[in-house]
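Chemist: So that we are looking at the same thing, I have put the structure below in structure tokens.
This is the structure:
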């Protein structure tokens, strides 16, 4: 048995610990007469999934990027669009923006669920300098209380100089579903004060996101 003592003196116990991290690309192709660059076993690609041989594209785990199914799906769409724009330039346009892997949500389907998008607080501080952090517990969320599932929180991270949201992290009920809202906000470069014009339905779990965003401005009125 494993016991984990939290800062609030709560003790969590578990019978087993699953360690499942790190994957290596399965790339056993023989490139006869073709120069395909690789790095640590992964195929090197550019912003539009082209390899060092520009007529060959690669997507998915073999590229060594964020190894998630939805990442591979988006890579595939961008590769197809880029190929179509080369074959039929009068009909199709090449992707205008490279894929920003930092804006792709990461989800862990445990209990409670964990989801994240954007930068962690540590990374944000290293890149942007001073940041502001908002946090709201599900224990103060009406829907979570009604569900009897109050463990967890929503954490928001914004740049201090511009108040732009650069990270959101959720642990709790339906975290993998809720993180999509954080993805939209980060991609749209929403600022902390933008939440003032948003209205969230009540009672919903998403209100925890609203409160965590309001907490960036010290405006969360239900925070405990």
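Numbering (the numbering used here), first residue to last: 1 to 224. Positions of the beta carbon are idealized from the N, C-alpha and C atoms, including for glycine. All values reported here derive from a predicted model rather than from experimental measurement.
Where residue 13 and residue 112 are concerned, what is the direct C-alpha to C-alpha distance, given to the nearest angstrom?
Modeler: 14 Å
Chemist: On the three-state DSSP scale, how would you describe residue 74?
Modeler: helix
Chemist: So, helix, strand or coil for residue 131, using DSSP?
Modeler: Strand, per DSSP.
Chemist: Tell me where the alpha helix (DSSP H) around residue 185 begins and ends.
Modeler: 175-187
Chemist: Return the Cβ separation of residue 160 and residue 131 in integer angstroms, given the expectation that the two are a contact with Cβ distance under 8 Å.
Modeler: 6 Å
Chemist: What is the DSSP secondary structure of residue 26, counted as helix, strand or coil?
Modeler: Residue 26 falls in the coil class under three-state DSSP.
Chemist: My output table needs one value for residue 225: the three-state DSSP class, helix, strand or coil.
Modeler: Given a span of 1 to 224 for the chain in the structure shown, any question on residue 225 remains unanswerable.
Chemist: To which residues does DSSP link residue 137 through a beta bridge?
Modeler: 153
Chemist: Measuring alpha carbon to alpha carbon, tell me which residue in 44, 57, 175 and 187 is nearest residue 207.
Modeler: 175
Chemist: For residue 205, which option in 216, 102, 219 and 142 has the closest C-alpha, if you only look at C-alpha atoms?
Modeler: Minimum Cα distance to residue 205 is reached at 142.
Chemist: I believe residue 61 touches residue 23 by the beta-carbon criterion, under 8 Å. Please report the beta-carbon distance rounded to the nearest angstrom.
Modeler: Residue 23 and residue 61 do touch by the CB rule: their CB atoms are close to 7 Å apart, below 8 Å.
Chemist: Need the endpoints of the alpha helix (DSSP H) that residue 143 sits in, please.
Modeler: Residue 143 -> alpha helix (DSSP H) spans 142-147.
Chemist: If you run the structure through DSSP and keep just helix, strand and coil, what is residue 97?
Modeler: coil
Chemist: Does the beta-carbon of residue 11 have 16 or more other beta-carbons within 10 angstroms, so that it is buried, or is it exposed?
Modeler: exposed
Chemist: Alpha carbon to alpha carbon, how far is residue 229 from residue 101?
Modeler: Residue coverage of the chain in this structure runs from 1 to 224, which leaves residue 229 outside it and unanswerable.
Chemist: Report all residues from its chain with a CB closer than 6 Å to the CB of residue 8; omit the five preceding and five following residues, and keep chain order.
Modeler: none
Chemist: Let's see if you can read the secondary structure: which residues bound the beta strand (DSSP E) around residue 14?
Modeler: 11-14
Chemist: At what residues does the alpha helix (DSSP H) containing residue 207 begin and finish?
Modeler: 207-215
Chemist: Kindly confirm or deny that the stretch 132-151 and the stretch 207-217 touch, where touching means at least three C-beta pairs closer than 8 Å.
Modeler: yes
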